[in-house]
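Here is the structure we will look at.
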Amino acid sequence: MLFRLAAALLLLASPVHAACPDGPDALRIVQDWHRVMRTDMATTRGVSDPFALIATDPTEIGATLDLTAHSELVLIYGQPEDSATICVTALTDADRVIGADTGLTATDLSGLIGGMRAALNVEARQATRAARPLRGDLSTGAANPEGDPLAALSAALLPVAMHDAIRTADEVLILPTGEIGVVPFPLLPFGGAMLLDAAPVTLLPSIAELHERQAGGTRNVRGVMPPLAYEGSWERPVILGDPDMPADPEWIYPPLPGAGREARAVAEALGTEALTGTEATGGAVTRAMEAGADLIYIATHGIAAAAQEATDSAENPAQDYDFLMGSFLALADGRLTARAVQDTRMALPALVVLSACQTGLGTAHAAGTMGLARAFAIAGAGAVVMSLWNVDDRATADLMTRFATRTDTRPTRALREAMIEMRDLHPEDPALWAGFMVMGNISADPSGR
């Protein structure tokens, strides 16, 4: 599956057809990804010649892949240059290609996401775990939605032509474009229930990471999730929560008693001690990344680039904005920015859990959302658990404790099971339990073993 996906992304010579075609021609939307990779890699890594990092022989990439035994369905979203709307292509393990037109422009998608957030009353979660700016307002200004935005998102992003493939998949992998990466896919209506009930859902970062690792000589690329996450125990976990917050010139950080309880409960379940208060620092995180921690769990305040950009632009409208500096975790020694995370190399493909607000948000680009979760993926994380909105402190502690103690299963399945349990407790308020997703990276053993 991943071999075909990687190979498809290198098909540059195919002729251009009508927008959003079906069948094998649907693979043409991946041609646009090659162009996106050039922009993406230049933007996020400062690479002057991105094509030098991209392997051009698909057989070389395929030779390194150890395909997983379970059935994966990959949904690739993109907008070809000749299309006014976003296309979706499904790649199945049965070697079948299904293409469809979502019927959504980027503006349509943004409106539906805003309507969905308004319907879930997401902004109200700012009163609990979310930080507040000293200046400005984080409100999106989204009007009350007309109709059912979740149903509209489901109809567009999960076309009927793909329903049978979704039902038979053991896992659904989402390769997003633009704001699609902030859609809570498990919450979307599907088959009389939710996609959550059909299969675990994993969000993929830019497929450029696959090419970059292969071109850099990485061996033993093993699929979409880290082998370390399957062993049933964590040998080198590092758990941080509820840091003592230093004064910040732009943000107010409310206390996080739930985050402290959450970190201690997770640490106790894993047989270790949580770093809290003055010990919960960004330095502790980067040292853990470099020293080979296999689980890095952080419960604190998180800020997405879009929110930080709003406050910065109000003060310095003419100043160039570095979105990787604007996404950060608030820790005892100050801000741990996405830029600092991305510039750190992980010794092992750890599972990183970002139990904080907005960690899956950031600045939307054609290659997806650039923010904290993507930064950890680029740094080498095997998988990142991230949040899509301002989450409730107490409910998040309950959800994530249920997730983190399920060490005997894949992270995507562990999160799915925890979400189903929380849904049973809070069926009328999905904002309490549907705000997290797993971003699964291309996994490899950096030592080459």
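Numbering (our numbering), first residue to last: 98 to 546.
C-beta: ideal position from N, C-alpha, C; glycine also.
Other residues of its chain near residue i: CB distance less than 7 Å, five sequence neighbours each side excluded
i, result
"Leu-433", "Gly-379, Val-382, Phe-425, Leu-426"
"Arg-333", "Gly-389, Ala-390, Asp-391"
"Asp-526", "none"
"Asn-218", "Ala-528"
"Ala-253", "Thr-199, Gly-200, Leu-201"
"Glu-370", "Ala-364"
"Ala-266", "Ser-168, Glu-169, Leu-170, Ala-296"
"Ile-517", "Leu-293"
Buried/exposed call for residue i, threshold 16 Cβ in 10 Å
i, result
"Ala-160", "Because Ala-160 carries a pLDDT of 34, less than 50, the predicted location of this residue cannot be relied on, and the following value inherits that uncertainty. Its Cβ having fewer than 16 others within 10 Å, Ala-160 is exposed."
"Ile-271", "buried"
"Val-257", "exposed"
"Pro-273", "buried"
"Arg-507", "buried"
"Glu-276", "buried"
"Phe-533", "buried"
"Ala-290", "exposed"
"Leu-188", "buried"
"Pro-302", "buried"
"His-398", "buried"
"Leu-522", "exposed"
"Arg-513", "buried"
"Pro-246", "buried"
"Gly-352", "Note on identity: in this sequence residue 352 is Pro, with Gly being the wrong assignment. Its Cβ having fewer than 16 others within 10 Å, Pro-352 is exposed."
Helix, strand or coil at residue i according to DSSP, with G and I counted as helix
i, result
"Ala-360", "helix"
"Ser-251", "helix"
"Asp-521", "helix"
"Pro-334", "strand"
"Ala-290", "strand"
"Ser-424", "coil"
"Val-382", "helix"
"Ser-207", "helix"
"Asp-267", "coil"
"Leu-188", "strand"
"Ile-183", "coil"
"Glu-169", "strand"
"Val-219", "helix"
"Leu-353", "coil"
"Pro-609", "Past the edges of the chain, shown from 98 to 546, lies residue 609, and the structure says nothing about it."
"Leu-469", "helix"
"Leu-496", "helix"
"Ala-278", "It is worth fixing the name first, because residue 278 is Gly in this sequence and not Ala. If DSSP states are grouped into helix, strand and coil, Gly-278 belongs with the helices."
"Gly-175", "strand"
"Thr-509", "helix"
"Leu-372", "strand"
"Asp-341", "coil"
One or two residues paired with residue i in a DSSP bridge
i, result
"Phe-533", "Ser-484"
"Asp-198", "Cys-184"
"Thr-434", "Phe-425"
"Leu-451", "Ile-395"
"Thr-299", "Leu-270, Val-535"
"Ile-400", "Phe-425"
Sequence-distant residues of its chain with Cβ nearer than 6 Å to residue i (five each side left out)
i, result
"Arg-629", "In this structure the chain extends from 98 to 546, so residue 629 is not present and cannot be described."
"Ala-366", "Thr-502"
"Ala-515", "Leu-496, Arg-499, Phe-500"
"Trp-331", "Leu-367, Asp-391, Leu-392"
"Glu-376", "none"
"Ile-475", "Gln-439"
"Ala-197", "Val-185, Pro-256, Ala-258"
"Ile-173", "Thr-186, Leu-272"
"Leu-485", "Val-279, Pro-281, Gly-457, Gly-532"
"Phe-473", "Val-438, Val-449, Val-481"
Cut-off 8 Å between Cβ atoms - residues of its own chain near residue i, not counting five sequence neighbours on either side
i, result
"Glu-268", "His-167, Ser-168, Glu-169, Leu-170, Ala-296, Pro-297, Val-298, Thr-299, Thr-509"
"Pro-343", "Ala-429, Asp-430, Gly-431"
"Thr-373", "Leu-337, Gly-338, Asp-339, Pro-340, Gly-357, Ala-360, Arg-361"
"Ser-251", "Leu-285, Pro-286, Phe-287, Leu-292"
"Glu-556", "Absent from the model: residue 556. The displayed extent of the chain is 98 to 546, so no value can be given."
"Ala-203", "Gln-176, Ile-183, Gly-275, Glu-276"
Residue-level contact to chain C via CB, residue i, 9 Å cutoff
i, result
"Trp-486", "Structure shown: chain C not included; a single protein chain is present."
Contact test: residue i Cβ vs the ligand ADP heavy atom, cutoff 8 Å
i, result
"Thr-506", "Here there are no bound small molecules, and the ligand ADP is not part of this structure."
*Should the segment 393-400 be called in touch with the segment 353-363, which here means at least 3 C-beta pairs below 8 Å?*
yes
_Touching by the beta-carbon criterion (3+ pairs, under 8 Å), the segment 431-447 and the segment 489-505_ = no
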